[in-house]
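Data first, discussion second: the structure below is written as structure tokens.
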Amino acid sequence: MSERVEGQLSYWQKTLNLSDYQIILERISPVQVFDADIDRHKNPFIGVRLDGEVRATILHTRLLEEEDIIHELVHLAHWDWPEEQVRQETTRLMVSCNYHG
Ligand SMILES: [Zn+2]
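If you count the sequence shown from 1, you need to add 17 to reach my numbering.
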């Protein structure tokens, strides 16, 4: 994990009250990602998987931007929120407080 990503992850974990979580970042190949909607492999993908009560893995096919990290952590903090609400909250957080590490 790069220092930039490490700093952003711990900053946003704290901000979103997720400091108890052990979060692993796992780079995967786009070949592993199958999109049933368009019936094809080789799709870019970023998503979060809950592995336990306080354990999660962020899977990603490309380098993670700060916005990606916030987005996936918002999913984790609000598991029941629909995608649109997660997007709006991510945008709000990006505007209101930025990590400057
Ligand atoms: Zn999402």
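Glycine included, every Cβ here is placed at the ideal spot set by N, Cα and C.
Would you say residue 103 touches ligand 1, meaning its beta carbon is less than 6 Å from a heavy atom? Taking the first residue of the sequence shown as position 1, residue 103 is located at position 86. True, at least one ligand heavy atom lies under 6 Å from that Cβ.
Got a sec? Which residues, its chain only, sit under 7 Å from residue 26 by beta carbon, not counting five neighbours each side? By 1-based counting over the sequence shown, the position of residue 26 is 9. Excluding residues within five positions, the ones whose Cβ falls inside 7 Å are 40, 86.
Cβ distance (whole Å) where residue 195 is taken to contact residue 78 below 8 Å: The structure shown has nothing for residue 195, since the chain only spans 18 to 118.
With distance defined between alpha-carbon atoms, name the residue in 94, 103, 111 nearest to residue 71. Walking along the sequence shown from the start, residue 71 turns up at place 54. The candidate whose alpha carbon is nearest that of residue 71 is 94.
Straight-line gap, residue 75 to residue 65 (C-alpha atoms, nearest Å): As a first step, residue 75 is located in the sequence shown; it is residue number 58 there, counting from the start. As a first step, residue 65 is located in the sequence shown; it is residue number 48 there, counting from the start. Spanning the two alpha carbons is a distance of roughly 4 Å.
For the alpha helix (DSSP H) holding residue 73, just list the boundary residues, first then last. Counted from its first residue, the sequence shown places residue 73 at position 56. That residue, residue 73, is in no alpha helix (DSSP H); its beta strand (DSSP E) goes 72-77.
Would you call the CB atoms of residue 29 and residue 67 closer than 7 Å? Counting from one through the sequence shown, the residue named residue 29 turns up at place 12. Counting from one through the sequence shown, the residue named residue 67 turns up at place 50. Going by C-beta atoms, residue 29 is not nearer than 7 Å to residue 67.
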